[in-house]
Each structure stands twice: as C-alpha cells, then as structure tokens.
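Presented below is the structure to which this report refers.
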Ligand SMILES: Nc1nc2c(ncn2[C@@H]2O[C@H](COP(=O)(O)OP(=O)(O)O)[C@@H](O)[C@H]2O)c(=O)[nH]1
Ligand SMILES: [Mg+2]
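Numbering (this note's numbering), first residue to last: 292 to 759.
Structure, rendered in structure tokens:
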C-alpha cells in the first residue's frame, strides 16, 4: 500500500481514553466528521456560549437529552481538524474517572447511529493514515504507553519526535539519488554526463548507506533491552534465599520468605528497574526432586522458564556445605548466561564453600546478603553488564533505537546495498545493481509506513489499547 493510496473509513469513532477504575479524571474521546454534531447536544455549558472555539475548555454538565438527567460535571473541548491527534474533528469530554460515569457518557455518544466504538489503536491509526505521523511515530506511541523505565520512555519520546524517521530518511535520500542515476544510465547509455563514476557511487553506498545502516543495527543491540526488557530466573536449592533476593531487587515483599524449605511452589514474577532496564525477575520453586504434587508442577514450570530466560541468577548459600544438588542445578543452567550469587555473607562461611567460586570459573560471581542488602548494588551492576555486554559503569543509551520490525527491514536493506556495492565493484550490469537499490529503497520505506501491507498495519495497531 503506497502512502497516497491509504484508505480511510469516514465514520466517527468514540472510546474511553483513560484506564477504567476510580480516578480523578477520565476522558471520553470522539473523532471524525460527526464528532461535534454527536456530542454537542449532550453538553450543557454553565455559561451560555455563542460559538464554541477550537482548543478551548468549556465547563458544564453532560445531560441525557431524552431523560433530562445530569450524568456528570465535565470539561468539554473541541479540536477542529486538522489540528488534532487524528487530524479529524475531535471532541474530548473530561469527566470524573469513574467507570459508571464514563460508560454512561460513552453510551450517550454511541446512541447516535453515526458514531461507533473505536477499535484498539484506531485514533493513532487515523493519525498515521491522515499523514500526521509515520509508522515509527505510531509505534513510539505504543512504546511510551508501555515504557517501564525512564530510559525506555526517553527512547520512545525521541522516536515520536521523528528521530528514527529522520535517520532512515537520511539514508533513503542518497539511495534514491543513486537509483535514479543508475536507471538514467540504463535508459540513456550514450549520455555519459549523467553516469556517476563507479568509484563515487561506491563511496556513496559505503559512507551514506551501508555505514549508517550498520550503525542503526548496533544501536538496536545497545538499546533494545531498555524497551523490551529482559528476564532473569533465580535458581538455587530450597532455603538459599531466592525469594529474599527477589524481594530485595524489587524493593517489596513480593515472594513469601520463611525458613521452611518448599515455601515457593508457584512461579512468581515481577518487574524491577535495574539501571534503566525493565528486568522481569522470576522466583521459582527450584529444580529439586519432591513428592509434593504442587511443588512438582512448580518445578516443571521452572524448567520451562529457564529456557526462555535471558539470564540466570544461580544462588548458593555459603553458610552451608555445597551439596550435589547445587551441582545438579548448575548442570541444568550452564549453557545459559548466568551470575553466581553467593548468599548469606552475613553468616560465617562454611569451610567447603570458600572455594565455591573457583568451581564455576566461567560465570561471574557476586557476594551478597539478601537479608541485609549487602552486595546488592554490585549484583545490579553485574546484571546490567551481563545483559547489555557493556563493560563501563556509565550506561550508554543510544537516542535512536530501532525495534525488532525495523531491524529486520534494515538487515534486508543492508544486504541489498552490500550486494549492489559488490556488483558495482565487479562491473556487473547496471540492471542488476538497480534491482538491489530498488529493493533497499522499498524496504526502508516499510519502516516509515510508506510501503506497507494491510496485515502489517493491523498487527501494529492491534497492540494498542482501545482509546489510543
Ligand atoms: N542470615 C541470612 N539469612 C538469609 C539470607 N537470605 C535469606 N535468608 C533466610 O533464609 C531463609 C530462606 O529464605 P528464602 O528467601 O525463603 O529462600 P528460598 O527458599 O530460596 O526462596 C529465610 O529464613 C531467610 O530469612 C541472608 O542473606 N542471610
Ligand atoms: Mg522461595
């Protein structure tokens, strides 16, 4: 689908734009050609208004016109097209944040047969289809809504501002110029004026296309974890202090801690902010053999989570002797990225545990007391470094970070550009080179949404909540 062919439906849509649940304020949002006509008759301003101005707040009541009853005291705002989120006429009714008030207002709006309930992400989809934002910016809106740490938020805000679009456009421009040049040389072979010397074309490909594409891939590697997060599983035999460590990292009592082995029988997970990375921490029942039916299921689930984890925190209690069970656990996880967590350093160390770090030389180790909090900052550093692969203490956060979808497109465009460069060097037919350049131009257009399939759009916008 090319930008110019983007199809819009002309209906008016409405939805509750704020989370359902008690809150100070809740918003019903309406967008489309009948947004004003369908909502204005429901609003009774406190002071008479001769003409409603765009982008002005008006104070009054929402009244059911059929029964004449007041539903809520609200602020009412009209945003005339094209100066709105969707580029259409938009009305927002700022009511009190109660499910009953918001549902009653939405129901009134939907009584008009020209208004229907919005689908998830439909407001943002309209902003995209109307050309106000490109696809990377629409995706940034989801990322902002879903961001869990300030770093994730800053990255998304940069993308919403057009950071990634700008970087991609800066690559598409010389790529297109090059393509035009090559195509002209094919069409008018006798006209030597328009043909770029091959050395120059190669240089443009290398400097302005291949290098920046590679840099974008590096930025994905450096930054995507701030957006997508990572998962770590805490493993160790019963009573080593797994649940205590989870609570310590989360700074709350999430997992039950007792001196009774087998206390944690289910999978418990929650998200902690580790140096800006949203880290999903999973506490498990462990991997030991047990007769307990519930614990057995917990242990099976633990094994499943290990396979999906980005990092394992392998915990040992240094106040007790190392036992076969510790080694069994290590055998299960040795193929994964891991950190050895030596716990209970506040207690006298058992003589046999002094050498324990030497037994597992391949993985870094940190000494902690989950009970008192010693070593926790060092553990956070180790987690950060192991997940990001960064070795310096100051986290590096690239401001522009492609997502997985962008990365796949960039990789394809990069291999087309590299092929074109190689063929240029080898003096291959210009037709062949034009095919690769065209592929790269079209591919990169997909990032911005200039060339996109309907399925892809549906997939992206279905990730939104209703009302955004
Ligand atoms: N002294 C000491 N006790 C700890 C430490 N970490 C955990 N414990 C205690 O060890 C017992 C088991 O802890 P828990 O977190 O439930 O272990 P889990 O079975 O591995 O989840 C509890 O009594 C905790 O208070 C620690 O660092 N030092
Ligand atoms: Mg536990």
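Heads up, the beta-carbon is just placed ideally off N, CA and C, and yes, glycines get one too.
Alpha-carbon spacing of residue 521 relative to residue 742, whole angstroms: The residue you call residue 521 lines up with position 230 of the chain shown. The residue you call residue 742 lines up with position 451 of the chain shown. Cα to Cα, the separation comes out at about 31 Å.
Measure from the alpha carbon of residue 752 to the alpha carbon of each residue in 429, 511, 581, then state which is nearest. Residue numbering aside, residue 752 sits at position 461 when the chain shown is read from its first letter. Shortest Cα-Cα distance from residue 752 to any of 429, 511, 581 involves 429.
Can you tell me whether residue 562 is helix, strand or coil according to DSSP? On the chain shown, position 271 is the one that residue 562 refers to. If DSSP states are grouped into helix, strand and coil, residue 562 belongs with the strands.
For residue 573 and residue 549, the rounded distance between their alpha carbons: Translated into the one-based positions of the chain shown, residue 549 becomes position 258. Translated into the one-based positions of the chain shown, residue 573 becomes position 282. Cα to Cα, the separation comes out at about 18 Å.
Can residue 608 be considered in contact with ligand 2, in the sense that its beta carbon sits closer than 8 Å to one or more heavy atoms? Along the chain shown, read from residue 1 onward, the residue named residue 608 stands at position 317. Answer for residue 608: no, Cβ out of range of ligand 2.
Grouping DSSP H, G and I as helix and E and B as strand, with all else coil, what is residue 352? For the purposes of this step, residue 352 is taken as residue 61 along the chain shown, with counting starting at 1. Here residue 352 sits in strand by DSSP.
For the alpha helix (DSSP H) containing residue 387, name the first residue and the last one. Within the chain shown, numbered from 1, the residue matching residue 387 stands at position 96. In this chain, residue 387 is not harboured by any alpha helix (DSSP H); it is covered by the beta strand (DSSP E) spanning 381 to 388.
Does the region 448 to 462 come within contact of the region 497 to 508, defined as at least 3 CB pairs closer than 8 Å? In short, these stretches touch, since the Cβ pair count reaches three.
Secondary structure of residue 361, DSSP reduced to three states: Start at 1 with the first residue of the chain shown, and residue 361 comes out as number 70. If DSSP states are grouped into helix, strand and coil, residue 361 belongs with the strands.
Measuring alpha carbon to alpha carbon, tell me which residue in 453, 673, 721 is nearest residue 568. Here residue 568 is taken as the residue at index 277 of the chain shown, counted from 1. Out of 453, 673, 721, 673 has the C-alpha closest to the C-alpha of residue 568.
Whole runs of the alpha helix (DSSP H) within the region 406 to 488, excluding any shorter than 4 residues: Listed in chain order, they are 413 to 420, 426 to 437, 441 to 451, 454 to 478.
Continuous beta strand (DSSP E) stretch holding residue 606: start and end: As a position in the chain shown, residue 606 is number 315, starting the count at 1. Residues 602 to 608.
Following a CB-centred definition, is residue 585 positioned closer than 8 Å to any heavy atom of ligand 2? Along the chain shown, read from residue 1 onward, the residue named residue 585 stands at position 294. No.
Taking the Cβ atom as the reference point for each residue, do residue 536 and residue 551 lie within a distance shorter than 9 Å? If you number the chain shown from 1, residue 536 lands on position 245. If you number the chain shown from 1, residue 551 lands on position 260. It is not a contact, given that the beta carbons lie outside the stated cut-off.
Considering only C-alpha positions, which residue in the set 697, 663, 703, 655 is nearest to residue 680? Against the chain shown, residue 680 aligns to sequence position 389. Of the listed residues, the one whose Cα sits closest to residue 680 is 655.
In this structure, what does DSSP give as the bridge partners for residue 570? Indexing the chain shown from 1 puts residue 570 at position 279. In DSSP, residue 570 forms a bridge with 521, 563.
Taking only the alpha-carbon atoms, compute the straight-line gap between residue 296 and residue 748 and give it to the nearest angstrom. Looking up residue 296 in the chain shown gives position 5. Looking up residue 748 in the chain shown gives position 457. Unreliable positioning characterises residue 296 in this predicted model, as indicated by a pLDDT of 45, which lies under 50. A coordinate reading is not provided.
Going along the chain, which unbroken runs of the alpha helix (DSSP H) with 4 or more residues stay wholly within the region 295 to 329? The region 295 to 329 contains no whole alpha helix (DSSP H) run of 4 or more residues.
Within the chosen definition, does the region 319 to 334 reach the region 422 to 438 through at least 3 CB pairs nearer than 8 Å? no
Alpha carbon to alpha carbon, how far is residue 732 from residue 402? Here residue 732 refers to the residue found at position 441 when the chain shown is read from its first residue. Here residue 402 refers to the residue found at position 111 when the chain shown is read from its first residue. If I take the Cα positions, the gap works out to 47 Å.
Which one of 716, 400, 394, 512 has the shortest CA to CA distance from residue 334? Within the chain shown, the letter at position 43 stands for residue 334. Taking residue 334 as reference, the option from 716, 400, 394, 512 with the minimal CA-CA separation is 400.
Consider the C-beta atom of residue 300 and the heavy atoms of ligand 2; say whether any pair is separated by less than 8 Å. In the chain shown, the residue the question calls residue 300 occupies position 9. Result no, Cβ not under 8 Å from ligand 2.
I need the boundaries of the beta strand (DSSP E) containing residue 632, first residue and last residue. By one-based count along the chain shown, residue 632 stands at place 341. Residue 632 -> beta strand (DSSP E) spans 629 to 634.
Look at the Cβ atom of residue 469, then the Cβ atom of residue 487, and state whether they are nearer than 9 Å. Mapped onto the chain shown, residue 469 falls at position 178. Mapped onto the chain shown, residue 487 falls at position 196. One thing to note: residue 469 has its Cβ within 9 Å of the Cβ of residue 487.
From 516, 589, 611, residue whose alpha carbon lies closest to that of residue 570: For the purposes of this step, residue 570 is taken as residue 279 along the chain shown, with counting starting at 1. Looking at the Cα atoms, 516 is the closest of the given residues.
Exposure label - residue 638; buried when at least 16 CB within 10 Å: Within the chain shown, residue 638 is the residue found at index 347, counting from 1. Burial call: exposed.
What did DSSP end up calling residue 375 once you bin it into helix, strand or coil? Within the chain shown, residue 375 is the residue found at index 84, counting from 1. In this structure, residue 375 counts as coil in the three-state DSSP scheme.
In chain order, what residues have a CB nearer than 6 Å to some heavy atom of ligand 1? 527, 529, 530, 531, 532, 533, 534, 535, 548, 549, 550, 554, 555, 634, 635, 637, 638, 660, 661, 662
Going by other Cβ atoms of all chains shown within 10 Å of its Cβ, with 16 needed for buried, is residue 376 buried or exposed? Position 85 of the chain shown, counted from the first residue, corresponds to residue 376. Counting Cβ neighbours within 10 Å, residue 376 comes out buried, since at least 16 surround it.
Quick test of your reading: residue 238 and residue 722, contact by CB under 8 Å. State the CB separation rounded to the nearest angstrom. Given that the chain is displayed from residue 292 to residue 759, the structure contains no residue 238 and the question cannot be resolved.
The beta strand (DSSP E) spanning residue 340 covers which residue range? The residue given as residue 340 occupies position 49 in the chain shown. From DSSP, residue 340 is part of no beta strand (DSSP E); its letter is neither H nor E.
So the candidates are 561, 557, 531; which of them puts its Cα closest to the Cα of residue 542? Counting from one through the chain shown, the residue named residue 542 turns up at place 251. Nearest C-alpha to residue 542: 561.
Can you grab the Cα-Cα spacing for the pair residue 759 / residue 447, in whole Å? By one-based count along the chain shown, residue 759 stands at place 468. By one-based count along the chain shown, residue 447 stands at place 156. One C-alpha to the other measures close to 16 Å.
By the three-class DSSP mapping on this structure, what secondary structure does residue 547 have? Against the chain shown, residue 547 aligns to sequence position 256. It is coil, neither helix nor strand.
Between which two residues does the alpha helix (DSSP H) containing residue 697 stretch? As a working mapping, residue 697 is identified with position 406 in the chain shown. Start and end: 695 to 716.
Between residue 514 and the rest of its own chain, which residues show a CB-CB distance below 7 Å, the 5 nearest in sequence each way excluded? One-based indexing of the chain shown puts residue 514 at position 223. 446, 688, 689, 692.
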